[in-house]
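Residues 101 to 1071, numbered by my numbering, are exactly what the sequence shown covers, in order. Even for Gly, the Cβ is constructed at its ideal location relative to N, Cα and C.
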Amino acid sequence: MQTSAGRQDRHEYPAHWEADVVLRDGGTARIRPITVDDADRLVSFYEQVSDESKYYRFFAPYPRLSAKDVHRFTHHDFVDRVGLAATIGGEFIATVRYDRIGADGLPASAPADEAEVAFLVQDAHQGRGVASALLEHIAAVARERGIRRFAAEVLPANTKMIKVFTDAGYTQKRSFEDGVVRLEFDLEPTDRSLAVQRAREQRAEARSVRRLLAPGSVAVIGVGRAPGGVGRSVLGNIRDGGYGGRLHAVNQALPEDLKEVDGVPAHRSVRDIDGPVDLAVIAVPADHVPAVVAECGEHGVQGLVVLSAGYAESGPEGRERQRALVRHARAYGMRLIGPNAFGVINTAPDVRLNASLAPEMPRPGRIGLFAQSGAIGIALLSRLHRRGGGVTGVTGVSTFVSAGNRADVSGNDVLQYWYDDPETDVALMYLESIGNPRKFTRLARRTAAAKPLVVVQGVGSAPQGHAVRATRLPHATVSALLRQAGVLRVDTITELVDTGLLLARQPLPAGPRVAILGNSESLGALAYDRCLAEGLRPARPVDLTTGATAEDFHRALSAALADSTHDAVVVTAIPAIGEGSPGDAELAEALRSAAAAVPGKPVLVVHVELGGLAEALSAAASTAPQAVEKASGAEGGAHLFGPAERWPTTGAGAGAGEPTAGASGSHPTVAAASSTAVAALPDGTRLIPAYPAAERAVRALAEAVKYGQWRREAAEPGKVPEYDDIDEKGAARLIGELLARGEGLTISAAETCELLEKYGIHVRRALPAATPDAAAEAARALGYPVALKATAPHLRHRADLGGVRLDLADEEQLRRAYAELTGLFGAPEELRPVVQGMAPRGVDTVVRAVIDPAAGAVLSFGLAGAASQLLGDMAHRLVPVTDREATSLVRSIRTAPLLFGWRGSTPVDTPALEELLLRVSRLVDDHPEVVAVTLEPVVVAPHGAGVLGATVRLAPPPARDDLGPRTMPAY
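Printed below as a string of structure tokens:
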């Protein structure tokens, strides 16, 4: 609604202002407008506020609200007077209101653009960040209603509220008069206010996940009386995993005299538990879940893991049941993993929580795992455990989250947690969908700057139970966009694990130069060919021959690592038979000691069925046991460690208890022997991953090379330029006027030119030519030479069909061309001819920007015509684009040499092209209503770039997006 809306519109309830938010301590609250029905809630809320807080709010003793006060604070027009409340369990915990005022400080209406704002937070909830969240939301509401500035009067002693205002990051003025501090601040977001908002968002969301992964007490609800069943299994997994907190078994069907189940205190209800419960794991039928959630909320449970199925994955009825579940949990301030979840795991030694269906606690380590699919989660855990079948790479897990239907906690939340989690060095994610693409790419970019993020994104049909936004972009395009944000997107979970294991325990390569050495000429040649295919720069393989000794391997690896022309080393090895051949432990120690001498370069091993070498590589160190008990007959796999960055004494070790080679694909078991091996590992050890095939090792190395390059470039990311001639406010007004005509529309050519002009993008005039006389008149207005074009959809941008006539020097040529066009293609009504002034000769290109449902705002560039249409030679970047990204975008297409003087042609003005790209990016980023822009053709000449055709599509923006106040996904 606009501020000029009628009085009736002023009283419509603005449902889009409702939002769930995560507070500073990780709990949640709901923010919504205050209405006339809230009188009793307001009175009850005020009664629970201390006298001191009341004094700070009203500057005088104010023990109770009068009827007039209640009426005033609950009757709003949602334009000039607005009140918002933060609620938990349906009850108010804080309120904020603004009243529009004029220059004289008295109540006013638009066009007055200032308002007084005031807060009141219940004492029990102060310090939770409630006021900061309310300020973000009331500021967004005010901007929507045309208010540009807030004023607040605060007593000097009310330091908490002064801090809320001053810490928000807005541009402000402060004055002191009559014993009161007056603060005035503009509501236009600044870089600082946005940074403050996002820092608060990260801390709050990370803490909300931490409460789920590191609870001090856990209740498993739905524990059966007989062995077996989901609840009883999870209870046993938590107990057997070594969880150190308080554990409770809950089932309303338990006999009243039953005090324990499997040695765990038993209760008929959460209400019967004496003391707090931080996490409830729910394993009851879906129709019993609402009652359980209510009991948990009333008992003060902080978070839920819902294993129960029967929700959105089961159809429309289940989808509505899922929405109700989320609303119910959030009403009590609880976050929720699931439903239909596999569970969560935290291997930290002070937590050791296995609240999942995994029968064994994974080895502790430095890899974080997130999967939306329970089946994929099982596969990931299994791959990290498994030794048999040649699957390699032994390291452990820090945390594991299987989000199931991802109704509340999502991959974005877990990324916020991993970002500053000291126990996680590498993040691996299997995503079936990306619910908030702009936020995901923002979080991914920040996370990837600190630690590697490797992602497999499912393709194909949308997973049931997820609100999936289907992308219209090709798979390769989405991969490129994610890579721009620092994400390593791979295609399979095998590649996910292979890449993650390398990044977890090896330094990043400084470049693509690879040394290859080993005792198999053919295996070395395979590795060489794969390096070339992956875009690496391999040196000729060094063949040590099948008679190579451990000392030969040590000497060759040491030389390769010392060579400054090599950035990484791939060691290939096959079993050697005969007297003098190195044993597994001897070869492993030789490789380990050589790698330890030069810890700054990554080393990978490609092996072929080396039997005990896998175990020897894992255990090769003088302080580690040389033999690991084979509780399950472990034989396959390969790892080696040496000095490196960080490695906890309780880190991943040899990992005994893996399936035999013949048991590939079975679920792993972890024997007690593994903990012994882990404990013996020294600090600072570094595992060297080994792979059963050259293509797997080289693919993982190629991903590490790309990530290393991204990290180096991210250190100098460039900037989004400011242009003095951009009229952002004028564009916003024009967009608002145009959208008032309809929900979504492609605007006219004249309107397109007007909008683009406000961002310094000049489109060459094209005048309609319905008749030969009109064409001649247009040409006289524009000046010769001119072009005559048919703009009918089937002929537009199709010069190959003959619908364009160029360089018409006079009226005679123009009329002759007009007759030719109409003779070939039909009447002018069908052709829609236009006359346009000639642009300087150059290279025809196309610039597009779209809002993709899954990827967010995307800027694309390519050459016009067959290169982009037939060959798909387009490059893409996420909006907003920096100056460095615009430069790389122009150079990313395969046909880029045509812009830089290919075969003696004149180079064109690429700086002008880059500026045009940056201006289009700014337009789309500043105005989310601009959902599509196409500039075609853009003729890039030796001097300047001319836009000859343009279309723009507008649509109402979403009620909330990643640029607005903090909010959780709506249900």
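Query: Rounded C-alpha distance that separates His1043 from Ala802; Result: 39 Å
Query: Which residues DSSP lists as bridging Tyr791, in chain order; Result: Val706
Query: Reduced DSSP category for Arg245 - H, G, I as helix; E, B as strand; rest coil; Result: coil
Query: Gly1004 versus Asp508: straight-line alpha-carbon distance, rounded; Result: 58 Å
Query: Simplified DSSP state of Arg865, which is helix, strand or coil; Result: coil
Query: Same chain, Cβ closer than 7 Å to Val136, five either side skipped, listed in chain order; Result: Thr174 and His175
Query: The beta strand (DSSP E) enclosing Val670, as first and last residue numbers; Result: Ala668 to Ala673
Query: For Ala580, the nearest candidate out of Val555, Leu603 and Ile476 (CA to CA); Result: Val555
Query: Own chain partners of Ala1055 with C-beta closer than 6 Å, once the 5 adjacent residues on each side are dropped; Result: Gly844 and Val1031
Query: Proximity test, Phe285 beta-carbon vs the ligand ATP heavy atom, cut-off 7 Å; Result: Here there are no bound small molecules, and the ligand ATP is not part of this structure.
Query: Buried/exposed call for Arg483, threshold 16 Cβ in 10 Å; Result: buried
Query: Local conformation of Ala456 per DSSP, three classes; Result: Note on residue identity: the sequence assigns Ser, not Ala, to residue 456. Correct three-state label for Ser456: strand.
Query: Rounded C-alpha distance that separates Gly751 from Gly400; Result: Low per-residue confidence applies at Gly751: pLDDT is 32, beneath 50, and the placement is therefore not dependable, though the value from the model is reported in the following sentence. The straight-line gap from Cα to Cα measures roughly 35 Å.
Query: Coarse secondary structure for Thr1051, derived from DSSP in three states; Result: strand
Query: Leu998 classed as buried or exposed, judged by whether at least 16 other C-beta atoms fall within 10 angstroms; Result: buried
Query: Nearest-angstrom Cα separation, counted from Glu920 out to Glu930; Result: 14 Å
Query: Length at least 3, wholly inside the stretch 395 to 439: the beta strand (DSSP E) runs in chain order; Result: 403 to 406 and 435 to 437
Query: Stretch pair the stretch 945 to 959 + the stretch 903 to 915: three plus CB contacts closer than 8 Å; Result: no
Query: Three-way DSSP call (helix, strand, coil) for Pro365 in this model; Result: strand
Query: Minimum C-alpha distance to Leu978 - residue among Asp140, Tyr884, Val587 and Ser658; Result: Val587
Query: Every unbroken alpha helix (DSSP H) within the stretch 973 to 1010, with a cutoff of 4 residues, ordered by chain; Result: 983 to 992
Query: Residue interval of the beta strand (DSSP E) (run including Thr1034); Result: Val1030 to Val1040
Query: 8 Å Cβ cutoff met for Leu371 and Glu395; Result: A small correction: the amino acid at residue 371 is Arg; Leu does not occupy that position in the sequence shown. Their beta carbons are under 8 Å apart, which means Arg371 touches Glu395 by this criterion.
Query: Exposure label - Thr1011; buried when at least 16 CB within 10 Å; Result: In the sequence under discussion, the amino acid at residue 1011 is Pro, which differs from the Thr named in the question. Looking at its Cβ environment, which holds fewer than 16 other Cβ atoms inside 10 Å, Pro1011 is exposed.
Query: Rounded C-alpha distance that separates Ala720 from Ala797; Result: Unreliable positioning characterises Ala720 in this predicted model, as indicated by a pLDDT of 42, which lies under 50. The coordinate reading is nonetheless provided below. Each residue's Cα considered, the two are about 20 Å apart.
Query: Limits of the unbroken beta strand (DSSP E) element including Arg546; Result: Taken as a continuous stretch (DSSP letters only), Arg546 belongs to no beta strand (DSSP E), being part of the alpha helix (DSSP H) at Pro537 to Ala548.
Query: Secondary structure, alpha helix (DSSP H): runs of 4+ residues fully inside the stretch 116 to 170; Result: 139 to 147 and 151 to 158
Query: Cα-Cα separation between Ala139 and His171, rounded to whole angstroms; Result: 8 Å
Query: Neighbourhood of Tyr146 by C-beta distance below 6 Å, restricted to the same chain and skipping five residues each side; Result: Leu165
Query: Contacts around Gly106, its chain only, beta-carbon distance under 6 Å, and the 5 residues preceding and following it disregarded; Result: Any reading at Gly106 is ruled out, since the residue's pLDDT is 38, under 50, leaving its predicted position unreliable.
Query: Strand pairing of Val196, partner residues [DSSP]; Result: Leu184 and Phe219
Query: Counted within 10 angstroms of its Cβ, other Cβ atoms place Thr672 as buried (16 or more) or exposed; Result: buried
Query: Contact check, Gly329 vs Leu453, beta carbons under 8 Å; Result: no
Query: Beta-carbon contacts of Ala875 that lie in its chain and below 8 Å, excluding the five residues immediately before and after; Result: Ala869, Leu888, Leu914, Arg915, Tyr918, Pro933 and Val935
Query: Classification of Leu294 by the beta-carbon crowding that lies within 10 angstroms, buried from 16 upward; Result: exposed
Query: Complete beta strand (DSSP E) runs within the stretch 325 to 372 (minimum length 3 residues, chain order); Result: 346 to 350 and 364 to 367
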